[in-house]
Amino acid sequence: MVPTSFYIFLAALLFTIGAVAVLFRRNTLVIYMAVELMLNAANLAFVAFARQFEALDGQLFVFFVMTVAAAEVAVGLALIVTIFRTKHSVDIDAMHELKG
Amino acid sequence: MNITEFVSHPLNLVTFFPLVGVVLLLLTPREAKNRLRWIALLTSGVTFAVSLAVLARFNPADPQIQLAYQRPWFQVAGLQINYILGVDGLSILLLLLTTFLTPIAILSTWSAIEERVKEFMVFFLLLEIGMVGVFLALDLFLFYIFWEFTLVPMYFLIGIWGGPNRMYAAIKFFLYTMAGSLLMLLAIVYMGLHYGTFSVPEMLAQGAIGGAVQNWLFLAFAAAFAIKVPMWPLHSWLPDAHVQAPTAGSVILAGVLLKMGTYGFLRFNLPLFPEAAVHYAPLMGLLAVIGILYGAMVSYPQQDVKKLVAYSSVSHLGFVMLGLFALTAQGVEGAILQMINHGISTGALFLVVGMIYERRHTRDLDQFGGLWKIMPIYGALTLITTLSSMGLPGLNGFVGEFNILLGAFGSQALGSPLYAGFAAAGVIFAAVYMLYMFQKIFLGPVKHEVNKTLKDLSLREIVTLLPLIALMFWIGLYPKPFFALMEPAVQHLLAGLR
Amino acid sequence: MLFDAVHNAGPTFFHLAPLAVFIPLLGATINFLFGRRLGERGVASVAVGAAAVAFVVSVLQWLSLQGHHEAVTVPIVEWLTIGDFQVAWAQRIDTLSVTMMLVVTGVGTLIHIYATAYMHYDVRYKNDPRRYARFFGFFNLFIAMMMILVTGDSYLTLFVGWEGVGLCSFLLIGFWYEYDILGNPSTANARAAKKAFVVNRVGDFGFLLAIFTLFWYFGTVEFEGVFAKVHEVAAQHPNVLLAVTLFLLLGVTGKSAQIPLFVWLPDAMAGPTPVSALIHAATMVTAGVYLITRSAELYLAVPQAQAAVALVGGLTALVAATMAVAQYDIKKVLAYSTISQLGFMVAAVGMGAFVAGMFHLVTHAFFKALLFLGSGSVIIALERAHHPLPDDPEAQAVAGHHGHDHAAHHGEHDAHHAPFDPQDMRNMGGLLRRIPVTSWTYIVGALALAGLPPLAGFWSKDEILLEAKHLQPVVYGLLTAAAFLTAFYVTRQLVMVFLGKPRTEAAAHAIESPRAMTGVLVTLAVLSALGGFLNAPGVHAFGHWLEASLPEIETLPFNLTVAGISTAVALFSMALAWSLYRRVRAWEAWQHDPLEKVLGPGLFDFLRQAWHWDDFYRAVFVQGYDALAAFLAHTVDWRFWHDWFHDTIVAGTYRRLSRFLARPVDLGIIDRIANELAGSVQGLALVLRGLQSGFVRTYALSVFVGVVLMLGYLWWVIVR
């Protein structure tokens, strides 16, 4: 049986890739994908621990996260489409109207 | 609190019935002036009828508070504040006077108030609530609320519908009364903390606060009431308020609002601070006598009729104060009756002045002369009013003044018949200024062409005055029922002072 | 009494006594409310009828009292009860009050009848016929008030009537309130009325104090109760009685026009002549005499007060008589004469000669009413001749008769507006021929006033002098001197008015008054002639009658010396006057008064101006009061108290204080604190706004860093 630490390492790797992508990529779509990556990293960690502790709670949480992620993507894509229509760009740095 | 139970009590009903009129007025379009007037008149008329029902259920032989309505209201810092209304021989006549004068005052505005009739009537009915509340409230806290509440409508009545200098007069009226009231508020708070209640009957049951504190409390209450009366030398706001106020405002101001001051002395200062009352009686008597003579003398050279009548109020209320602080049955009962008399006579005088003002738009005495010939009914009614005001036997003023002077003459509290002696000289002065006024307006030849075409009183104006005139005769000729109403309560009050 | 038993069996009518008040009151009400619709005849019938009913009621009281002279109390209503102060309105019917009732209603009814005709002319000459009803309303009201006064059984009830008659007097003096006494537009009449009221109020002030003292020391104000305690109180508080009696005296000097308050009565002549006759001669002004007689028990207990009253009366009698001597106005002579005669009465009752005083009151009511009504008849006679009314056929005839004379005399002047005073005796003369009934009755009245036997005035005046000689010699001297002057001014007036040649056109064509007036004059003349026998020596019917109501009366026997002296004085004085004024008879127009030559113009004018008494009062009291009141009103109350103190000091100080608080305090301190606080927040915000870059990735980085830091912190905590 693969030890739980393996999964955790994988999840951490995936999360780091996602986080770095969010921080350094400028394409909004890519950022979205990166966010998905981070969420799934978290899912992986949940599942891994659920297996280790033989509890269903972690697996249940994964479903919640997936539902929320789906909803988020739906809203997020709609926002991106709208932003693209006004700005003709999906560059995240083009959107800085909230500058103080 | 159950609404039906609340409303079915006659004292609550008589106090708050005008609210019905207020609501109806608010629902009526402002252009329908006559409907507005009728609503106000009928509401106040019904209120008067309710007060008569109160009178019917009132037992004159009982010196105690009657028809009392007491409910806990709310609590502040452990102090229970009650809603207590009640009536006794000291207040029943003033209640009737208030509800009686209000419809008359409203009737007098029929053609005098054309602007903002709706607001006027609303304020007037609100004022009635406040005044009735003042005379019925037996919890100091509740009393204070009603007391201050009356200021607001009166302030607007003067400030909106008044003469050219109305804002000055309205603000002065407001501030003066307010200034006195604050001292009273301090005293009320002190008493509430001391007694653990604001209920006057309970305070009386617990007995008076002893020592020097009682004197201070007396003075604090006296400050509020003396300004309202107004006692000399605190009368300076009165001529302004009267001269600027619209006729109906003057009628109520002189007829009822000033009585709130004298009533305050009677209701609170005498029973709650008995030793202080006896202690300060000579001082109050002295101020009263000065007020009588001073007011009468100052009235005489006035050119403005309203100012003349205003100063005469200072003189008349001096009589009331003298009677109250004579602390004899004759004095106090005379004083209570004189409060009613002054309401009737001076109210009528202001109505009379208003009637001529509506016709000529001036109150300058030199603008008149010889009007009796042109307006005989007006002349006759004014003559009766004038005579009543100067205390001619057979009319109401005499009964009050005579008993006040009689009571003051032998008063032990005052300690000297000189008070009554000097006050009686005021009777001479009263003849001087009243007859002077009557002569300047009605006697002599007609000097001004404009006056020759003046119309005599209309039916409405006669109807406005007649109830007052009838009362002048009734009280003057057969005052016994009026004294019967107050006698037990006054005896009870005086027994508490001994 | 011999017939007591018989009379006692007869019916009594005491229960009717209230009608004497209420019927005239009803008459007044009817005339006030419906007078204009009733017409003159209707108004007159109501008024005369009401007065006559009151008279009948009075006669019935008199009849009822024949049997038992004891006072009867007729309760009407309980007036008020306060503590131990109880007053009921009840009538006290005794011989004294019934005497007054008879005089007031009897003479009153006659004057009412007279006035029906007199006022017919008066209202037309004053251009306001509609005022006829009002006059009779006031007249009936007066009778009612007078009835309250004389029948009241307590001092308070008496005071109510006392003030009530004062009111009627005020209303009737000022009846022609838009004119002066000559009928020119003016406020003079109105001012005369006000003066009467105010001066009377000074007296009432004394009366009020008397009532207060009575209540607090006697415990009641009812006559019975007060009199019962006189001796008790006199023993305990000796000064109280003196105070009461002197306070009452002040009231008397007001109402009965005695020194020092008599000044209103001459001015009161502004009222129509029947008013002068009824109110200011026969009835109201005698109320003071009645009051003292009523209070006999009080006065008898205080000799000092008695002396004061007698002295006041004696002085007034003399002083007023000197004033009467120099008057030209026919009514002014009578006015001062009335004051003087009232002085006689007051002196009499002051000395304790109550019967004599009351007797003189009665006879004086007859002859002075007669004189006033006669003077009214003279005035109207001249007025009608001077400018006839269009609806006066008699006068028109006379006017037509001397029409050319008229034109010649007045030239282009319109006769109606020519200044002509029908009351001025200088415009009269020779009226005896023209108006004989008026003249002869007047002469009877005048001789009665002068005190010639056997006319009424002689007997009553003689009785006063007799008592005075016995009781107060000083007062006797004063009164005798006054009697001398009385006969003098009476003769002067008779000569000037009735004898010699007419001095004006109007006098030459004077028209006798209608029968309603002359009939009354004749009746009063008979009463003036024969009234004295009521109490003539040997008869003393009046004395016996009053005895029942008065304490201890001793009747002095008729003294021929006193009667002789007074008659001689009167005759001498008349002769003197005759010798002086004899020449006046021949005059065609007025020249100088003969007396002026004798006394010198200064003294004559001094008397004519009533010793400048009025001027003195005006200068001291009236102007003093005016000035003081104006000073108080304008300077003290308004400029000082209202404007300076309240507006400048109170409101101004407040305003300055609030300005101080607003500028230096509020802006300088409180606002600055607030502002600095805001400034520092702003500065901080300037720094912090740099963080808000708007770049999402920057935010994400900061979140990331934040999480890392937090986790790092947690890790560090756990590991440690």
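Protein chains in written order, with numbering that gives the first Met the number 0: chain A, 0 to 99; chain B, 0 to 497; chain C, 0 to 719. For every residue, glycine included, the Cβ atom is placed at its ideal position computed from N, Cα and C.
What residue range does the beta strand (DSSP E) around residue i cover?
i, result
"B/Y68", "65-75"
On a Cα-Cα basis, can you pick out the residue from the options that is closest to residue i?
i, options, result
"C/Q305", "C/R35, C/L477, C/V73, C/L241", "C/L241"
"C/L247", "C/K193, C/D328, C/V311", "C/V311"
"C/G537", "C/F557, C/T522, C/L520", "C/F557"
"B/V228", "B/A211, B/A67, B/S180", "B/S180"
"C/G542", "C/P600, C/W458, C/Q622", "C/W458"
"C/P418", "C/Y113, C/V97, C/D179", "C/D179"
"B/V22", "B/P71, B/R70, B/F122", "B/F122"
"B/G162", "B/S387, B/P28, B/F134, B/K306", "B/K306"
"B/Q65", "B/T42, B/L135, B/L78, B/T27", "B/L135"
"B/R36", "B/W236, B/G20, B/T46, B/V49", "B/G20"
"C/P74", "C/A447, C/Y113, C/A16", "C/A16"
"C/A309", "C/L341, C/I142, C/A267, C/I648", "C/L341"
"C/V726", "C/L545, C/W439, C/L454", "Beyond the ends of chain C as shown, which are 0 and 719, falls residue 726 of chain C; an answer cannot be given."
"A/T3", "A/V21, A/M94, A/L38, A/A44", "A/A44"
"C/M516", "C/T479, C/V377, C/F603, C/L333", "C/V377"
"B/F172", "B/L93, B/W215, B/F73, B/A253", "B/A253"
"C/L24", "C/A51, C/V519, C/W610", "C/A51"
Taking the DSSP output, what are the residues bridged to residue i?
i, result
"C/P74", "C/A89"
"B/Q79", "B/Q74, B/T196"
"B/V86", "B/Q65"
"B/A136", "B/L84"
"C/L79", "C/V86"
"C/D266", "According to DSSP, C/D266 bridges with nothing at all."
"C/V221", "The residue you asked about is not Val; residue 221 of chain C is Glu in the sequence shown. C/S153."
"A/N26", "A/D90"
"C/P184", "C/Y178"
"C/D423", "C/D328"
"B/D363", "B/D303"
State the start and end residues of the unbroken alpha helix (DSSP H) segment that holds residue i.
i, result
"B/I38", "32-56"
"C/Y327", "Run containing C/Y327: none; DSSP gives neither H nor E here."
"C/N238", "237-254"
"C/R383", "353-385"
"C/G26", "18-66"
"C/A628", "622-629"
"C/G720", "A query on residue 720 of chain C cannot be resolved here, the shown segment of chain C reaching from 0 to 719 and no further."
"C/L660", "Here C/L660 belongs to no alpha helix (DSSP H), and DSSP marks it neither H nor E."
"C/W714", "695-718"
"B/P487", "479-496"
"B/A309", "304-325"
"C/P513", "Unbroken run through C/P513: none, as it is neither H nor E."
With a cut-off of 8 Å on the beta carbons, I'd call residue i and residue j a contact; round off their distance for me.
i, j, result
"C/R383", "C/A394", "4 Å"
"C/T337", "C/A280", "5 Å"
"B/A424", "C/F204", "6 Å"
Every unbroken beta strand (DSSP E) inside the stretch 212-277 of chain B [3 residues or more]: none
Ordered list of alpha helix (DSSP H) runs contained in the stretch 432-511 of chain C, each at least 4 residues:
435-449, 455-470, 472-497, 504-507
For this session: Give, in chain order, every unbroken run of the alpha helix (DSSP H) that is at least 4 residues long and sits entirely within the stretch 93-144 of chain C.
Result: 94-124
Segments of 3+ residues assigned as beta strand (DSSP E) that fall wholly inside the stretch 543-599 of chain C: none
- Task: Only counting runs of 4 or more residues, tell me where the alpha helix (DSSP H) segments fall wholly within the stretch 256-309 of chain C, in order along the chain.
- Result: 263-266, 272-276, 286-293, 295-299
Checklist entry - What are the residues of the stretch 430-454 of chain B that lie near chain F, defined by any Cβ-Cβ distance shorter than 8 Å? => result Absent from the structure: chain F. Protein chains present are A, B and C.
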